[in-house]
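Just add 14 to the spot in the sequence shown (first one is 1) and you have this note's numbering.
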Amino acid sequence: MKKTISIVVPCYNEEENVVPLANALRLCFKEQLPEYQYEILFIDNDSSDKTREKIRGLCKLDKGIKAIFNAKNFGQFNSPYYAMLQTTGDATILMAADFQDPVEMIPKFVHAWEEGYRIVIGVKTESNESKIMYALRSLYYKLIRKMSSVDQISQFTGFGLYDQGFISVMKSLDDPTPFLRGIVAELGYRRKDIPYTQPKRRAGVTHNNFYTLYDAAMLSFTSYTKVGLRIAVFFGGICAGLSMLFGLLYLIMKLIWWDRFPAGMAPMLIGMLFLGSVQIFFIGLLGEYILSINQRVMKRPLVVEEERLNFSEQPEQTTGDSSISEQASGAPEQAISEDSSSKQPGQDACESGSLAQPVQNESSSEEV
15 MKKTISIVVP CYNEEENVVP LANALRLCFK EQLPEYQYEI LFIDNDSSDK TREKIRGLCK
75 LDKGIKAIFN AKNFGQFNSP YYAMLQTTGD ATILMAADFQ DPVEMIPKFV HAWEEGYRIV
135 IGVKTESNES KIMYALRSLY YKLIRKMSSV DQISQFTGFG LYDQGFISVM KSLDDPTPFL
195 RGIVAELGYR RKDIPYTQPK RRAGVTHNNF YTLYDAAMLS FTSYTKVGLR IAVFFGGICA
255 GLSMLFGLLY LIMKLIWWDR FPAGMAPMLI GMLFLGSVQI FFIGLLGEYI LSINQRVMKR
315 PLVVEEERLN FSEQPEQTTG DSSISEQASG APEQAISEDS SSKQPGQDAC ESGSLAQPVQ
375 NESSSEEV
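If you want it as structure tokens, here you go:
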């Protein structure tokens, strides 16, 4: 019996990428991993473009492709984590929909997994994105590794293969705000890191902005570091000691040179403004920790589903079912829009450029 590899693809406004990615994944399994079955799971985070329409077309033509449509946008961490918990494969691969996680890495992940590694991850050594962003990310990873009690993984975005045993560990965590990168570093099995160069997005624009990047940084910081609170304690103690020392020196100097040493308001104002700003900063930092605690205490669900497709039964694939024609890989849009009912009995669906031979007299999707 063939082993199944599940591919989880989180989506948000990726109408230009989902079909080419599905074609590329199917071609990869046909040419490089023919001894494996695939399960491709798209989870859409409430896209406002035609992403869901494209995914519906993929699911209709191939029962090996599944979909979960979220009721709203549940963030960049909850949605992919939840999808990984829904997979049924012997191993699960998480990758982005924008081709910045190369499809060519999948055979390397699978081969390392067969060698005995239960976690195989991709680590960026170079990136074709903005040099400034890459440098800032590198600086962040260096800082978080120094501050964290857990050995964080530098330049790791979550792209990698995870054995079903580790997926079971993820299911047992019951964390409403999971941070996969930290969980892999803290609780993961023996892993293998495979370097790669991150390409640019194939199409569309990035959905990351300052707020989303800051949110990711704070989630990592508050989940895996104590240094913020410890700095507040130490810095507060040092400032208190220095304030007492300067106050005592100021009093002595005033008593000795009463007429020549004016008390003045400037030193007091400067000191009060400095200490006030420090207090506000650390109150804000403490608020970040409290916010993280609050999100975990509320025990909200990771995701609320609106609909799921092709989960009624497991796909029964053969080597032929997993194939993709050269026409489909070259014209992905045609693969969705073409009416499969117009084919004559016995005609090979691959010859007409479709993704897979349609299943007759069977519902293409089921809402759960």
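Beta carbons: idealized from backbone N, C-alpha and C, even for Gly.
What's the gap between the Cα of residue i and the Cα of residue j?
i	j	result
Asp112	Leu283	53 Å
Ala81	Tyr155	33 Å
Ser306	Phe88	16 Å
Lys77	Ile54	9 Å
Gly179	Leu201	12 Å
Glu340	Lys74	The predicted model places Glu340 with a pLDDT of 37, which falls under 50 and marks its position as unreliable; any figure quoted below should be read in that light. Near 20 Å, if we compare the C-alpha coordinates of Lys74 and Glu340.
Asn59	Gln293	38 Å
Ile57	Ile146	30 Å
Ile266	Ser257	14 Å
Arg159	Thr239	9 Å
Leu299	Phe235	10 Å
Asp104	Ile297	46 Å
Arg215	Gly290	45 Å
Leu276	Gly255	It should be noted that the sequence gives Pro, not Leu, for residue 276. Computed Cα separation, rounded: 24 Å.
Please classify residue i: is it buried, with 16 or more other beta-carbons within 10 angstroms of its beta-carbon, or exposed?
i	result
Asp115	buried
Asn324	buried
Thr106	buried
Trp271	exposed
Ile245	exposed
Leu39	buried
Asn92	buried
Arg322	buried
Ile21	buried
Ala126	buried
Gln361	The predicted position of Gln361 is uncertain, since its pLDDT is 37 and thus under 50; a value taken from the coordinates is nonetheless stated next. Exposed, since its Cβ has fewer than 16 Cβ neighbours within 10 Å.
Using only alpha-carbon positions, find the residue among the options that is nearest to residue i.
i	options	result
Val32	Tyr50, Glu45, Leu47, Arg70	Arg70
Asn37	Leu72, Pro276, Ser141	Leu72
Pro190	Lys214, Tyr210, Ile21, Leu233	Leu233
Tyr26	Ile79, Lys17, Asn84, Tyr52	Asn84
Tyr52	Ser291, Leu269, Ile19	Ile19
Met161	Lys214, Lys138, Val241	Val241
Lys64	Gly290, Lys44, Glu30, Val124	Glu30
Asp165	Leu175, Val198, Pro192	Val198
Pro315	Leu35, Lys17, Lys86	Lys86
Gly196	Asp188, Ser168, Thr211, Gln212	Ser168
Asp188	Val23, Val124, Val317, Leu269	Val317
Thr211	Glu140, Val124, Phe249	Glu140
Cys42	Ile252, Pro121, Gly251, Phe193	Pro121
In this structure, does DSSP put residue i in helix, strand or coil?
i	result
Gln169	coil
Tyr131	coil
Lys80	strand
Leu369	In this predicted model, Leu369 has a pLDDT of only 41, less than 50, meaning its place in the structure is not dependable; the value taken from the coordinates is given anyway. Three-state result, Leu369: coil.
Phe180	helix
Lys185	helix
Pro116	coil
Val22	strand
Tyr264	helix
Lys206	strand
Glu347	Caution is warranted here: a pLDDT of 39 is assigned to Glu347, below 50, making its placement in the model unreliable, and the coordinate value is therefore given only provisionally. Of the three classes helix, strand and coil, the one that applies to Glu347 here is helix, per DSSP.
Thr333	Any reading at Thr333 must be qualified, since the residue scores a pLDDT of 35, below 50, and its modelled position is unreliable; no value is offered.
Ala105	strand
Leu47	coil
Thr191	coil
Ser141	strand
Below 8 Å, is the gap between the Cβ of residue i and the nearest heavy atom of the ligand ADP?
i	result
Asn87	With respect to the ligand ADP, the structure shown offers nothing to examine, as it has no ligands at all.
Segment contact, 8 Å Cβ cut-off, at least three pairs: the stretch 193-210 with the stretch 122-141: yes
Given 8 Å, three or more beta-carbon pairs between the stretch 90-102 and the stretch 182-196: yes
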